[in-house]
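Participant:
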Amino acid sequence: MIRYKSTRGHKEEKRSSQAIIEGLAPDKGLYVPTSMPELPFNLSDMKDASYQQVAAKVISAFFPDFTREEIENCVKKAYDEKFSCPEIAKLVKAGAPFFLELYHGSTAAFKDMALSILPHFLTTALKKEGEHHKICILTATSGDTGKAALQGFADVEGTEIAVFYPSQGVSQVQKAQMITQEGRNVHVHGIEGNFDQAQSGVKKIFTDDEFAEKLLASGVKLSSANSINIGRLIPQVVYYVYSYLQLLAQGAIAPGDKINVVVPTGNFGNILAAYYAKAMGLPVNKFICASNENRVLTDFINTGVYDINRDFYLTTSPSMDILISSNLERLLYHLSEGDTGLVAQLMKCLETEGRYQVPEKVKEGLSCFYGGCATSAEGSETIRRFYEKHHYLMDTHTAVAAKVYEDYRAATGDETVTVIASTASPYKFADSVGEALGLSTSDSDDSSHSGRNCARGGNCSSNSKDSQGFAAIEMLNSETKVAVPKGLQGLDKKPVLHKGVISPEDMADAVLSDLKIQ
Ligand SMILES: *Cc1c(COP(=O)(O)O)cnc(C)c1O
Numbered sequence: 002m003i004r005y006k007s008t009r010g011h012k013e014e015k016r017s018s019q020a021i022i023e024g025l026a027p028d029k030g031l032y033v034p035t036s037m038p039e040l041p042f043n044l045s046d047m048k049d050a051s052y053q054q055v056a057a058k059v060i061s062a063f064f065p066d067f068t069r070e071e072i073e074n075c076v077k078k079a080y081d082e083k084f085s086c087p088e089i090a091k092l093v094k095a096g097a098p099f100f101l102e103l104y105h106g107s108t109a110a111f112k113d114m115a116l117s118i119l120p121h122f123l124t125t126a127l128k129k130e131g132e133h134h135k136i137c138i139l140t141a142t143s144g145d146t147g148k149a150a151l152q153g154f155a156d157v158e159g160t161e162i163a164v165f166y167p168s169q170g171v172s173q174v175q176k177a178q179m180i181t182q183e184g185r186n187v188h189v190h191g192i193e194g195n196f197d198q199a200q201s202g203v204k205k206i207f208t209d210d211e212f213a214e215k216l217l218a219s220g221v222k223l224s225s226a227n228s229i230n231i232g233r234l235i236p237q238v239v240y241y242v243y244s245y246l247q248l249l250a251q252g253a254i255a256p257g258d259k260i261n262v263v264v265p266t267g268n269f270g271n272i273l274a275a276y277y278a279k280a281m282g283l284p285v286n287k288f289i290c291a292s293n294e295n296r297v298l299t300d301f302i303n304t305g306v307y308d309i310n311r312d313f314y315l316t317t318s319p320s321m322d323i324l325i326s327s328n329l330e331r332l333l334y335h336l337s338e339g340d341t342g343l344v345a346q347l348m349k350c351l352e353t354e355g356r357y358q359v360p361e362k363v364k365e366g367l368s369c370f371y372g373g374c375a376t377s378a379e380g381s382e383t384i385r386r387f388y389e390k391h392h393y394l395m396d397t398h399t400a401v402a403a404k405v406y407e408d409y410r411a412a413t414g415d416e417t418v419t420v421i422a423s424t425a426s427p428y429k430f431a432d433s434v435g436e437a438l439g440l441s442t443s444d445s446d447d448s449s450h451s452g453r454n455c456a457r458g459g460n461c462s463s464n465s466k467d468s469q470g471f472a473a474i475e476m477l478n479s480e481t482k483v484a485v486p487k488g489l490q491g492l493d494k495k496p497v498l499h500k501g502v503i504s505p506e507d508m509a510d511a512v513l514s515d516l517k518i519q
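Counting in our numbering, the sequence shown runs from 2 upward without gaps.
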């Protein structure tokens, strides 16, 4: 039976329910399955199956300690009318590639695919394990995870959730989504710093034994909704399998044909899920890993050297403004065939020197990945071109992926059928998308928005419209007539419930205060 073990060598193997409750392994490593399950069905037999049917089967294969009924129940509660399309994940062809739209959930970003179901896994796991402690979910967010986690966990019995976002590093719409979140158990904090600092702060809290004991004395345990939690990663495997089935159903591919997968990448969770799908037996040719100006992963895939000693850029695809991609640790584990000593050593290097180089064997394993990057300007041009040529509207993150795919195709001549993960509604980044289409919010909306600070602070010369997200939504809608997602309607009129901004050093204290612990 599949169990979960740490990438860094901690001996104890856990049931999936335990790994979901814990989030991070005791040695700071990430939980990985002890073996990869095979696809539990013949792909051709499933081409007419619903998303929910595929999800139940794929997830059950990874979480064998859950009963079939338990998994089906979680799936049913997660993938329902919260999603605005019956396919849940919608496949749309525009030009050569297919776009797998993963943003039709309640917060308009792909994080909903996993965070709609994680709370149900967690409450089921707590019951199975006879866990009576309250669980406190800690989450660092570059913008989209925070809202999706808040929405998923709001008022879920037995849980509290605290979200930390870089106060100058998210868009106006993302910020509004979070600071207006309702729920008895939700806590939202801006931090003075960037996403990596928020993530390091959360990791630090997780590995502070004294802190854990203090919480335990008050009946609270910590867990995570970041993609380091295996309960978030596995639901993402589903939509890659499902997209293949849709391609089969549409006759775009024949059984056994390979596909390429392109993923706009930040923390490496989404693309790792595609890798897991292949490990289960999904025919994938190349994983195309797309980065923005923060091209750590592009360089890593091309050279085998991971190096964060470089400038950090604020871009129009903020959910990818990340230098430390946590889930890469899992890939290193798999490519080194479970060499936990090596993984622990590389992670130590990263912590102390901000850099590591993988051995030749691991580098060879990277050959099924193609790494490419695109600038905000190239993304913008891509948005405009796809809209003009194919009448297809995409967001800034998806645009980075589309551009990198075009570069890949031009460089290699590879015509393999390709699926691009479309990770956010264009309305979530309406300011930048509107600008790409040549729509100007400043002309029409000077009065109500001038004088606001640039939402991303610092170097905001190229992004000055970020403070005008709401005006941009209206403008984009009147130009394109594409429907505005329900979760983004009326957001500017909701009361602000969470105002605090703190220093990264004060994150632990904030958690104590959220939990009303002295
Ligand atoms: C989170 C996010 C990404 C990056 O996904 P990872 O799993 O962290 O690589 C890309 N695009 C959007 C819109 C996101 O919200």
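Each residue gets a CB set at the ideal place from its N, CA and C atoms; glycine is no exception.
1) Does LYS517 come out as helix, strand or coil in the three-state DSSP assignment?
2) Taking the C-alpha atoms as reference points, what is the distance between ASP447 and VAL420?
3) Using DSSP bridges, identify the partner residues of SER7.
4) Going by C-alpha distance, which of SER423, ILE474, LYS429 is nearest SER441?
5) Is the region 502-510 close to the region 193-200, with three or more CB pairs under 8 Å?
6) Just the C-alpha distance for LEU103 and SER85, rounded to the nearest angstrom, thanks.
7) How should ASN464 be labelled, buried or exposed, when 16 other C-beta atoms within 10 angstroms of its C-beta is the threshold for buried?
8) Please state whether DSSP places LEU25 in a helix, a strand or coil.
9) Verify whether the separation of the beta carbon atoms of GLY1 and LYS135 is less than 8 Å.
10) Look at the alpha carbon of VAL401 and the alpha carbon of ILE260, and state the distance between them as a whole number of angstroms.
11) Go ahead and pull the three-state DSSP assignment for SER17.
12) Restricting to Cα atoms, I'd like to know which of TYR276, GLU211, GLY232 is closest to VAL242.
13) Can LYS500 and THR181 be called in contact, C-beta distance under 8 Å?
14) Just the Cα atoms here: how many angstroms apart are MET395 and GLU214?
15) Count the CB pairs spanning the region 118-138 and the region 262-272 that are closer than 8 Å, and state whether there are at least three.
16) Using the Cα positions of GLN19 and GLU416, report the straight-line distance between them to the nearest angstrom.
17) Threshold first: 3 residues or longer. Then list the beta strand (DSSP E) segments lying entirely within the region 38-87, N to C.
18) Can the beta-carbon of THR299 be found less than 8 Å from the beta-carbon of CYS369?
19) Going by DSSP, what residue range makes up the beta strand (DSSP E) through PRO505?
20) Taking three-plus beta-carbon pairs below 8 Å as touching, is the region 149-167 in contact with the region 188-195?
21) Would you decide whether ASN43 is buried or exposed? Buried here means 16 or more other CB atoms lie within 10 Å of its CB.
22) Span of the alpha helix (DSSP H) holding GLN134?
23) Name, in chain order, the residues that DSSP records as bridge partners for LYS404.
24) Please report how far the alpha carbon of ILE518 lies from the alpha carbon of VAL221, in whole angstroms.
25) Please tell me whether THR208 and LYS6 are closer than 8 Å, where the distance is taken between their beta carbons.
26) With DSSP as the reference, label PRO319 as helix, strand or coil.
27) Could you pull the start and end residues of the alpha helix (DSSP H) that ASN478 belongs to?
28) Closer than 7 Å to a non-hydrogen atom of ligand 1 - does that hold for the CB of SER228?
29) Say yes only if the C-beta of LYS48 is nearer than 7 Å to one or more non-hydrogen atoms of ligand 1, and no if none qualify.
30) Rounded to the nearest angstrom, what separates LEU336 and VAL344 at their Cα positions?
31) Since ILE22 contacts GLU130 with CB under 8 Å, what's their CB separation in whole angstroms?
32) Looking at GLU96: is its Cβ nearer than 8 Å to the Cβ of PHE430?
33) For ALA155 versus VAL203, is the C-beta spacing smaller than 8 Å?
34) Decide if the region 376-392 is in contact with the region 351-364; the criterion is three or more beta carbon pairs, one per stretch, under 8 Å apart.
35) If you follow the beta strand (DSSP E) that CYS350 is part of, which residue opens it and which one closes it?
36) What did DSSP end up calling PRO98 once you bin it into helix, strand or coil?
Facilitator: Once the coordinates are examined:
1) To locate residue 517, count along the sequence shown from 1; it is residue 516. LYS517 falls in the coil class under three-state DSSP.
2) Taking the first residue of the sequence shown as 1, we reach residue 447 at position 446. Taking the first residue of the sequence shown as 1, we reach residue 420 at position 419. Note on ASP447: pLDDT 40, under 50, position unreliable in the model; the coordinate value appears next. The alpha-carbon atoms of ASP447 and VAL420 are separated by roughly 40 Å.
3) Taking the first residue of the sequence shown as position 1, residue 7 is located at position 6. DSSP output for SER7 lists TYR32 as bridge partner(s).
4) Position 440 of the sequence shown, counted from the first residue, corresponds to residue 441. Cα-wise, what sits closest to SER441 is ILE474.
5) yes
6) Within the sequence shown, numbered from 1, the residue matching residue 103 stands at position 102. Within the sequence shown, numbered from 1, the residue matching residue 85 stands at position 84. A direct Cα-to-Cα measurement between LEU103 and SER85 gives close to 11 Å.
7) Along the sequence shown, one-based indexing puts residue 464 at 463. In this prediction, ASN464 scores a pLDDT of 41, lower than 50, which makes its location untrustworthy; the coordinate-derived value is nonetheless stated afterwards. By the neighbour-count rule (16 or more Cβ atoms within 10 Å), ASN464 is buried.
8) Mapped onto the sequence shown, residue 25 falls at position 24. It is a strand residue.
9) Within the shown structure, residues of the chain are numbered from 2 to 519, placing residue 1 beyond reach of any answer.
10) Translated into positions along the sequence shown, residue 401 becomes position 400. Translated into positions along the sequence shown, residue 260 becomes position 259. If I take the Cα positions, the gap works out to 19 Å.
11) Along the sequence shown, one-based indexing puts residue 17 at 16. Helix at SER17.
12) Looking up residue 242 in the sequence shown gives position 241. The shortest C-alpha separation from VAL242 is found at TYR276.
13) Reading the sequence shown from its first residue, position 499 is the one you call residue 500. Reading the sequence shown from its first residue, position 180 is the one you call residue 181. No; because the gap between Cβ atoms is not below 8 Å, this pair is not in contact.
14) As a working mapping, residue 395 is identified with position 394 in the sequence shown. As a working mapping, residue 214 is identified with position 213 in the sequence shown. Rounded to whole angstroms, MET395 to GLU214 spans 46 Å at the Cα level.
15) no
16) The sequence position of residue 19 within the sequence shown is 18, counting from 1. The sequence position of residue 416 within the sequence shown is 415, counting from 1. Distance between the alpha carbons of GLN19 and GLU416: 43 Å.
17) none
18) Residue mapping note: residue 299 aligns to position 298 of the sequence shown, counting from 1. Residue mapping note: residue 369 aligns to position 368 of the sequence shown, counting from 1. Not a contact, by the Cβ cut-off of 8 Å.
19) Taking the first residue of the sequence shown as 1, we reach residue 505 at position 504. Note, PRO505: premise wrong, no beta strand (DSSP E); not H, not E.
20) With a cut-off of 8 Å, the region 188-195 and the region 149-167 count as touching, because enough Cβ pairs lie within range.
21) Walking along the sequence shown from the start, residue 43 turns up at place 42. Exposed, because fewer than 16 other Cβ atoms sit within 10 Å of the Cβ of ASN43.
22) Within the sequence shown, numbered from 1, the residue matching residue 134 stands at position 133. In the sequence on display, residue 134 carries His and not Gln. From DSSP, HIS134 is part of no alpha helix (DSSP H); its letter is neither H nor E.
23) In the sequence shown, the residue the question calls residue 404 occupies position 403. Answer is none; LYS404 lacks a bridge partner.
24) The residue labelled residue 518 in the question sits at position 517 within the sequence shown. The residue labelled residue 221 in the question sits at position 220 within the sequence shown. So the two alpha carbons sit approximately 10 Å from each other.
25) Residue numbering aside, residue 208 sits at position 207 when the sequence shown is read from its first letter. Residue numbering aside, residue 6 sits at position 5 when the sequence shown is read from its first letter. No. Outside cutoff.
26) On the sequence shown, position 318 is the one that residue 319 refers to. Here PRO319 sits in helix by DSSP.
27) The count along the sequence shown starts at 1 and reaches residue 478 at position 477. Looking at the DSSP string, the run of the alpha helix (DSSP H) that includes ASN478 is 470-481.
28) Position 227 of the sequence shown holds residue 228. At least one heavy atom of ligand 1 is nearer than 7 Å to the Cβ of SER228, so yes.
29) To locate residue 48, count along the sequence shown from 1; it is residue 47. Outside the cutoff, so no.
30) For the purposes of this step, residue 336 is taken as residue 335 along the sequence shown, with counting starting at 1. For the purposes of this step, residue 344 is taken as residue 343 along the sequence shown, with counting starting at 1. Rounded to the nearest angstrom, the two C-alpha atoms are 10 Å apart.
31) If you number the sequence shown from 1, residue 22 lands on position 21. If you number the sequence shown from 1, residue 130 lands on position 129. That belief holds up - the Cβ atoms of ILE22 and GLU130 are roughly 6 Å apart, short of 8 Å.
32) Within the sequence shown, residue 96 is the residue found at index 95, counting from 1. Within the sequence shown, residue 430 is the residue found at index 429, counting from 1. It should be pointed out that residue 96 corresponds to Gly in this sequence rather than to Glu. Not closer than 8 Å, so no.
33) Looking up residue 155 in the sequence shown gives position 154. Looking up residue 203 in the sequence shown gives position 202. Not in contact: ALA155 and VAL203 (Cβ atoms no closer than 8 Å).
34) no
35) As a working mapping, residue 350 is identified with position 349 in the sequence shown. Where CYS350 is concerned, there is no enclosing beta strand (DSSP E), although the alpha helix (DSSP H) it sits in stretches over 341-354.
36) Position 97 of the sequence shown, counted from the start, is the residue given in the question as residue 98. Three-state result, PRO98: coil.
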